[in-house]
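Going by the working numbering, the first residue of the sequence shown is number 1, and it counts up by one from there. Notes to accompany the following structure.
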Amino acid sequence: GFFSVRGPLNVARSPQDTPVLVLSDLSEADLDIAARTADVILLDGGPLDGTTERYDDIRRRVTACGRDPDAVKVLTNVAPTADSKPAARADRLEKEFRARGCDGFNILMPAQLSALDDFVDLVLPELR
């Protein structure tokens, strides 16, 4: 099996005209490639793990490649833990964002659906 399509896709092209390029788990050499090509860069860790310095470094590298640093979004991977209180989780996210360690977050949810429900019902309201 194969199939055929009658015509072009009936949705608008993406703003970057190509699929979004997301890079994660980057070495020093990978950061240079990411600065030239990535739309989104995912970082592990938090503000105490040097993400603020990495964020600034990535923006410098992007600028050195002749790109607008705002064109590349830097997201921090965050894995919510069940043992922390919702307010504490929200405070950690807010602290990281305000420290300019990232442009946003990539929330890594555990496999159980209840974890997503808990995050949406308990943590997100704290961030509003």
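Beta carbons are placed, not taken as given, at the ideal position from N, Cα and C, and that holds for glycine. Fair warning: this is a prediction, and the values are worked out from it, not measured in the lab.
query, result
"Segment limits, beta strand (DSSP E) that includes Ser24", "22-24"
"Three CB pairs or more closer than 8 Å across the segment 110-121 and the segment 63-72", "no"
"Neighbourhood of Leu42 by C-beta, 6 Å cutoff - its chain only, sequence neighbours within 5 removed", "Ser24, Leu75, Asn77, Asn106"
"Euclidean distance between Cα positions of Ala90 and Leu113", "20 Å"
"Cα-Cα separation between Ala87 and Ala64, rounded to whole angstroms", "39 Å"
"Backbone CA spacing between Ala99 and Asn10 [nearest angstrom]", "41 Å"
"Euclidean distance between Cα positions of Gly7 and Glu96", "46 Å"
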